[in-house]
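To start, the structure itself, in structure tokens.
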Amino acid sequence: MKLSKLLERLEYKVVQGNDEIEVTTLINDSRKVEEGSVFVCISGAVSDGHRFIPDVAGKGAAAVIVEKEVEAPEHVTVIRVEDTRYALALMSAAYFGYPAEKLKVIGITGTKGKTTTTYMIKSILDSVGYKVGLIGTIEAIIGDEKIPASNTTPESYTIQQYFARMVEAGCDCVVMEVSSQGLMLHRTAGIQFEIGIFTNLGKDHIGPNEHKDFDDYKRCKGLLFRQCNLGIANIDDRYFRDVFRGATCRTETFGFSAEADLRAEDVQLVSRPGYLGVAYHVAGLMDFDVEIDIPGTFSVYNSLTAISVCRHFKVPVDKIREALKKAKVKGRIEMVKVSDEFTLMIDYAHNAMSLESLLTTLKEYHPKRLVCLFGCGGNRSKDRRYEMGEVSGRLADLTIITSDNPRFEEPQAIIDDIKEGIGRTAGKYVEICDRKEAIRYAIEHGQPGDVIVLAGKGHEDYQEIRGVKYPMDERVLISEVLEEIKEGK
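Reading the sequence shown from the start, the letters are residues 549 to 1037 in my numbering.
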């Protein structure tokens, strides 16, 4: 492939060499460079790809893409662009033959609700014969293959590679989570989304290596609506108009507001032994009743979002109803049967906004006690710990503070920060650093009518300690605890 073909949608300057040379592979990891590669120098938080030019030249790289002045051996072509992350995105699209143009791409951004909504949309569209790929926090799904995710929105090269494989597998649609980080770092640059969705906005992902402030977070969310044909937004969110201020797309809205194009009315909580759900009437652009097997107001928002999207795919009402009943997501209000007397669930709520939404929802079902077990990740904003501690202290009848992913911090130091947040309330708590022992305590002390939430880990099946990810799946821990209780250990 000619280098100029990869660069055809970019503005660039040939600093050295010739853009008509043939290249073999497109690479942004110096370790993977081979003879004839074009290497894109990314200025990252940890290392700067420009430093590796002598190394990749020695491995046979034919060209390097840079955003700074560099020195390179004279046999290496040097192309300068304004932003190498942006360049990588557009070059990746060209490298894989612009696969997004062969798919209807649906992108979802927002602080919470992205993951559940992607699975709901996939479930509905699958039910009427569409072949739907998925890219998100938990995994990428391509046909029958599931690939575990490391980022909510992968690097641009990986996205385009997935798109190409989806086209090859016969997919006609893809639904993907689009994080603010992904937008800020141009991972989705060059993709024209058929539909972009805004769920909500809360103060998260602000701190070192994330967003400098809330305005920047808000601005990055809005970038999606400058590269889609239709924007579908939660009209009830206070930041909706800020996020859509620079939008260039057509706009539709959903929510509880009478001004919403698609509205939820007559919401009823549904509670039976071992079952929590919600039923409501869909009004406005559509008119029917629906029941979801997931509790709470946010389930109304998530399902209403999915309905808003699938309306544009002409999905019949009966298929929407059936598919929403089947849509389940690992680690998102995932009920785990441990007792006939109380309810235990696993949920990914890992910031104050999502935890408050979850606990507020569960309180509406009037449990005897609401018990919340959680920890916080290390090397992240301390504010999250204080805020989550305060939320749990205020809303839960008992908080069990434990360890999450301590990373390079001491688990006890993180627990102490959470306790400081709880200390601002009158909430009761116990602290048990070992997560398995904390789960054992929750199960052994469960009372009839309790709802117990294990928050923060959700779908994750590991615990990250000092750079190493150790296997740790809460479903396995629960199973082990139940077996040990049964054996009297």
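Backbone N, C-alpha and C fix where the C-beta goes; we use that ideal spot for every residue, glycine too.
*Taking 8 Å as the threshold, find out whether the region 884-892 comes into contact with the region 828-835 through three or more Cβ pairs.*
No, the region 884-892 is not in contact with the region 828-835.
*Please name the residue, chosen from 1009, 1026, 730 and 713, that lies closest to residue 1019 on a Cα-to-Cα basis.*
Numbered from 1 along the sequence shown, position 471 holds the residue referred to as residue 1019. Taking only the C-alpha atoms, the option nearest residue 1019 is 1009.
*Distance, residue 663 Cα to residue 1006 Cα*: Reading the sequence shown from its first residue, position 458 is the one you call residue 1006. Reading the sequence shown from its first residue, position 115 is the one you call residue 663. Between residue 1006 and residue 663, the C-alpha separation is close to 11 Å.
*asked:* So for residue 894, helix, strand or coil by DSSP?
replied: Against the sequence shown, residue 894 aligns to sequence position 346. Residue state, collapsed to three classes: strand.
_Can you find the residues in the same chain that come closer than 6 Å, C-beta to C-beta, to residue 945, ignoring five residues on each side of it along the sequence?_
Mapped onto the sequence shown, residue 945 falls at position 397. Excluding positions up to five away in sequence, the list reads 917 and 918.
*Give me the Cα-Cα distance between residue 571 and residue 609, rounded to the nearest whole angstrom.*
Locating residue 571 in the sequence shown gives position 23, counting from the first residue. Locating residue 609 in the sequence shown gives position 61, counting from the first residue. Rounded to whole angstroms, residue 571 to residue 609 spans 9 Å at the Cα level.
_Taking 8 Å as the threshold (C-beta atoms), are residue 962 and residue 921 in contact?_
Walking along the sequence shown from the start, residue 921 turns up at place 373. Walking along the sequence shown from the start, residue 962 turns up at place 414. No, the Cβ-Cβ distance between residue 921 and residue 962 is not below 8 Å.
*Check the DSSP bridge columns for residue 883 and list the partner residues they point to.*
Here residue 883 refers to the residue found at position 335 when the sequence shown is read from its first residue. Residue 883 is bridged to 893.
*Tell me where the alpha helix (DSSP H) around residue 643 begins and ends.*
Taking the sequence shown and counting its residues from 1, the one referred to as residue 643 is at position 95. Segment 632-643, the alpha helix (DSSP H) holding residue 643.
*Exposed or buried, residue 587, counting other C-beta atoms within 10 Å across all chains shown (16 or more means buried)?*
For the purposes of this step, residue 587 is taken as the residue at position 39 of the sequence shown. Per the 10 Å Cβ criterion, buried.
*Would you mind listing the beta strand (DSSP E) stretches within the region 921-963 that are 3+ residues and don't spill past its ends, in chain order?*
The qualifying runs are 946-949.
_Please return the same chain residues whose Cβ sits closer than 8 Å to the Cβ of residue 661, not counting the five positions on each side in sequence._
Stepping through the sequence shown from its first residue, residue 661 is reached at position 113. Counting only Cβ-Cβ distances below 8 Å, and skipping sequence neighbours, we find 747, 748, 846, 849, 850 and 853.
_residue 615, buried or exposed, once every other Cβ within 10 Å from all chains shown has been counted against 16_ = For the purposes of this step, residue 615 is taken as the residue at position 67 of the sequence shown. Buried, because 16 or more other Cβ atoms sit within 10 Å of the Cβ of residue 615.
_Contact between the region 969-983 and the region 869-881 is defined here as three or more beta-carbon pairs at a separation below 8 Å; is this criterion met?_
No, they do not touch.
*Do you know how far the Cα of residue 771 is from the Cα of residue 741?*
To locate residue 741, count along the sequence shown from 1; it is residue 193. To locate residue 771, count along the sequence shown from 1; it is residue 223. Spanning the two alpha carbons is a distance of roughly 12 Å.
*With hydrogens ignored, establish whether the beta-carbon of residue 763 is closer than 7 Å to any heavy atom of the ligand ATP.*
Of the ligands one can find in the structure shown there are none, so the ligand ATP has no counterpart to examine.
_When 633, 575, 629 and 592 are compared against residue 605, the one with the closest alpha-carbon_ = As a position in the sequence shown, residue 605 is number 57, starting the count at 1. When each option's Cα is compared against that of residue 605, the closest is 575.
*Three-state secondary structure (DSSP) at residue 572?*
Stepping through the sequence shown from its first residue, residue 572 is reached at position 24. Three-state result, residue 572: coil.
_Extent of the continuous alpha helix (DSSP H) run through residue 711_ = As a working note, residue 711 is residue 163 in the sequence shown. For residue 711, the enclosing alpha helix (DSSP H) covers residues 704-716.
*Are the CB atoms of residue 867 and residue 841 nearer to each other than 8 Å?*
Here the question's residue 867 lines up with position 319 in the sequence shown. Here the question's residue 841 lines up with position 293 in the sequence shown. In this structure, residue 841 does not lie closer than 8 Å to residue 867 by Cβ.
*Just curious, the beta strand (DSSP E) that residue 746 is in, first and last residue?*
Taking the sequence shown and counting its residues from 1, the one referred to as residue 746 is at position 198. Run containing residue 746: 741-746, per the beta strand (DSSP E) assignment.
*Span of the beta strand (DSSP E) holding residue 690?*
Locating residue 690 in the sequence shown gives position 142, counting from the first residue. 687-690 is the span of the beta strand (DSSP E), which, as asked, contains residue 690.
_Quick check on DSSP: helix, strand or coil for residue 625?_
As a position in the sequence shown, residue 625 is number 77, starting the count at 1. Residue 625 falls in the strand class under three-state DSSP.
*Return the CA-CA distance between residue 765 and residue 750, expressed in angstroms with no decimal places.*
Translated into the one-based positions of the sequence shown, residue 765 becomes position 217. Translated into the one-based positions of the sequence shown, residue 750 becomes position 202. Across the structure, residue 765 and residue 750 are spaced so that their CA atoms are roughly 9 Å apart.
_Distance check for residue 1029 and residue 991, CA to CA, integer angstroms please._
The residue you call residue 991 lines up with position 443 of the sequence shown. The residue you call residue 1029 lines up with position 481 of the sequence shown. Their Cα atoms are separated by approximately 8 Å.
_Helix, strand or coil at residue 590 [DSSP, three-state]_ = As a working mapping, residue 590 is identified with position 42 in the sequence shown. In the three-state DSSP reduction, residue 590 falls in the coil class, being neither helix nor strand.
*Under the assumption that residue 836 contacts residue 797 (Cβ atoms under 8 Å), give the Cβ distance between them as a whole number of angstroms.*
Counting from 1 along the sequence shown, the entry for residue 836 is found at position 288. Counting from 1 along the sequence shown, the entry for residue 797 is found at position 249. The beta-carbon separation of residue 836 and residue 797, rounded to 27 Å, does not stay under the 8 Å limit for a contact.
*Whole-angstrom C-beta distance between residue 935 and residue 900, which should lie under 8 Å*: The residue you call residue 900 lines up with position 352 of the sequence shown. The residue you call residue 935 lines up with position 387 of the sequence shown. Confirmed, Cβ separation roughly 4 Å.
*Straight-line CA distance for residue 767 to residue 791?*
Here residue 767 is taken as the residue at index 219 of the sequence shown, counted from 1. Here residue 791 is taken as the residue at index 243 of the sequence shown, counted from 1. Approximately 7 Å, taken between the alpha carbons.
*With a CB to CB cut of under 7 Å and the five nearest residues on each side skipped, what residues in its chain are close to residue 856?*
As a position in the sequence shown, residue 856 is number 308, starting the count at 1. Once the five neighbours on either side are set aside, the close Cβ partners of residue 856 are 780, 800, 802 and 810.
*Taking the C-alpha atoms as reference points, what is the distance between residue 675 and residue 666?*
Position 127 of the sequence shown, counting from 1, holds the residue named residue 675. Position 118 of the sequence shown, counting from 1, holds the residue named residue 666. Their Cα atoms are separated by approximately 14 Å.
_Nearest candidate by alpha-carbon position, reference residue 925, set 964, 556, 776 and 621_ = Looking up residue 925 in the sequence shown gives position 377. Checked all of 964, 556, 776 and 621; the closest Cα to residue 925 is 964.
_CA nearest to the CA of residue 722, picked from 633, 861 and 554_ = Sequence index remark: in the sequence shown, residue 722 carries index 174 (1-based). Nearest C-alpha to residue 722: 861.
_Mapping the DSSP letters down to three states, classify residue 683 as helix, strand or coil._
The residue labelled residue 683 in the question sits at position 135 within the sequence shown. Here residue 683 sits in strand by DSSP.
*In whole angstroms, what is the alpha-carbon distance linking residue 692 and residue 775?*
On the sequence shown, position 144 is the one that residue 692 refers to. On the sequence shown, position 227 is the one that residue 775 refers to. Approximately 29 Å, taken between the alpha carbons.
*asked:* Mapping the DSSP letters down to three states, classify residue 836 as helix, strand or coil.
replied: Position 288 of the sequence shown, counted from the start, is the residue given in the question as residue 836. Residue state, collapsed to three classes: strand.
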